[in-house]
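Shown next, in structure tokens, is the structure this report addresses.
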Amino acid sequence: MKTALILGITGNFGLQIAMALKTEGWKIRTLVRDKTKTPKWLSSSDIWVGDASNEQLIEEAALGAELIVYAINPVYYRWETEALQLLEPTVSVAAKLKARILFPGNVYNFKPNIALISEDDPMKPISRKGAIRVKMEQRLYQASQQGASVTIVRGGDFIGPNTHFTWLDLILKHNKSSARIKFPHDARHVHFWSYLPDLCANTAMLMSLPQSSYEVWHDDGLKLNQQDWQQAFLANNTKLRTSKFSWWVFKLSSPFVPLVREVVKMQYLWQQPVLLDGNKMKQALKDKYQSTPLENILPLLAK
Numbered sequence: 200m201k202t203a204l205i206l207g208i209t210g211n212f213g214l215q216i217a218m219a220l221k222t223e224g225w226k227i228r229t230l231v232r233d234k235t236k237t238p239k240w241l242s243s244s245d246i247w248v249g250d251a252s253n254e255q256l257i258e259e260a261a262l263g264a265e266l267i268v269y270a271i272n273p274v275y276y277r278w279e280t281e282a283l284q285l286l287e288p289t290v291s292v293a294a295k296l297k298a299r300i301l302f303p304g305n306v307y308n309f310k311p312n313i314a315l316i317s318e319d320d321p322m323k324p325i326s327r328k329g330a331i332r333v334k335m336e337q338r339l340y341q342a343s344q345q346g347a348s349v350t351i352v353r354g355g356d357f358i359g360p361n362t363h364f365t366w367l368d369l370i371l372k373h374n375k376s377s378a379r380i381k382f383p384h385d386a387r388h389v390h391f392w393s394y395l396p397d398l399c400a401n402t403a404m405l406m407s408l409p410q411s412s413y414e415v416w417h418d419d420g421l422k423l424n425q426q427d428w429q430q431a432f433l434a435n436n437t438k439l440r441t442s443k444f445s446w447w448v449f450k451l452s453s454p455f456v457p458l459v460r461e462v463v464k465m466q467y468l469w470q471q472p473v474l475l476d477g478n479k480m481k482q483a484l485k486d487k488y489q490s491t492p493l494e495n496i497l498p499l500l501a502k
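In this text, residue positions in the sequence shown follow my numbering: the first is 200, and each later residue adds one.
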């Protein structure tokens, strides 16, 4: 049985990928600061307590593991100081132990483009966060030349049941009979989303396939405009009310609230298309590739 160490198992991607890998037959370990927040199915012998900045502790937890999942996400307004710093211990351990790192990427690396973006397209970020993401991937590539192996799977904004602190949690209020969306974009804009259970199931299946020492995959995701949401709710006989997201409130408060300030800097993602091409992943997984239509997802999001 292969073993995966999950760093960030209490987060959205971390928990979902842990469950997906478990389904694929992997033994799961984790390193957490608070043991009480780990999933109940995880054995206490597979839980290490401590901080993911502790290289020695990561090495102890990763010993014998083929895969280290790096699902750590610093507080949004601390990326500048923490993103690269937090990645370094994991990179060093993976290189030393000859392990593979699984890194969840996103669209920040790329400038807006009408065309779909493939894994081979050049990274040209237009934001500071995008530049940091590029530096993180460059560091991962360097690690892949020094003993580690790396798999990057890039996706969009998360959609999924039981998520927290996602854009959808902010803009959608949904029960079994009615819903309300505050759209952060106009009617023409197509936004890129990833349904988290599909993304992680596909990613877990990829980990059983032969890969190079540095492999990048794109999720095909869900490319949705306002009409797509409206039609999906209609298909579920759910009454939908829509309104505009109050960007002006965010802009007024941004000088005083660091998190809000960083969110406003990324508003362009709701104004211009940044859409990934997932053909490589679909071709690799063939009929095993999972892609759930939005109308089938919505009932799972009702609270």
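Ideal placement from N, C-alpha and C gives every residue a C-beta, glycine not left out.
Confirm, please, whether the CB-CB distance from residue j to residue i is below 7 Å.
i       : j       : result
Lys-328 : Trp-366 : no
Ala-261 : Leu-204 : yes
Thr-229 : Ile-246 : yes
Tyr-307 : Tyr-413 : no
Leu-475 : Ile-316 : yes
Gly-477 : Asp-419 : yes
Ala-264 : Gly-346 : no
Glu-254 : Pro-288 : yes
Could you compute how far the alpha carbon of residue i sits from the alpha carbon of residue j?
i       : j       : result
Leu-285 : Leu-405 : 25 Å
Ala-251 : Phe-391 : 30 Å
Leu-334 : Lys-310 : Correcting the residue type first, residue 334 is Lys in the shown sequence and not Leu. Distance between the alpha carbons of Lys-334 and Lys-310 is about 16 Å.
Arg-353 : Glu-318 : 9 Å
Tyr-156 : Leu-458 : Outside the shown range of the chain (200 to 502) lies residue 156, about which nothing can therefore be said.
Thr-437 : Ser-377 : 5 Å
Leu-256 : Gly-249 : 7 Å
Arg-332 : Arg-338 : 10 Å
Leu-493 : Gln-430 : 9 Å
Glu-336 : Phe-444 : 32 Å
Ser-348 : Val-290 : 10 Å
Glu-461 : Pro-472 : 19 Å
Gln-394 : Ser-452 : It should be noted that the sequence gives Tyr, not Gln, for residue 394. Going by the C-alpha atoms only, they are around 31 Å apart.
Taking C-alpha atoms, which residue in the options lies nearest to residue i?
i       : options                               : result
Thr-491 : Ala-378, Lys-438, Lys-422 and Thr-202 : Lys-422
Asn-401 : Ile-351, Ile-313 and Lys-438          : Ile-351
Lys-372 : Gly-224, Val-349, Leu-497 and Ile-227 : Leu-497
Asn-272 : Ala-217, Ala-314 and Ile-208          : Ile-208
Arg-440 : Gln-466, Ile-370 and Lys-464          : Ile-370
Val-231 : Leu-220, Asp-320 and Leu-214          : Leu-214
Please name the residue or residues paired with residue i in a DSSP beta bridge.
i       : result
Ser-452 : Partner(s): none; Ser-452 has no beta bridge.
Arg-392 : It is worth fixing the name first, because residue 392 is Trp in this sequence and not Arg. Bridge partners of Trp-392: Asp-356 and Leu-421.
Glu-414 : Thr-350
Taking three-plus beta-carbon pairs below 8 Å as touching, is the segment 448–455 in contact with the segment 419–432? no
Is it the case that the segment 234–249 contacts the segment 298–305, given that we only count it when at least three CB pairs across the two stretches are under 8 Å? no
With three or more beta-carbon pairs closer than 8 Å as the criterion, would you say the segment 357–366 touches the segment 479–488? no
Inter-stretch contact (C-beta, 8 Å, three-pair minimum) for the segment 380–391 and the segment 217–229: no
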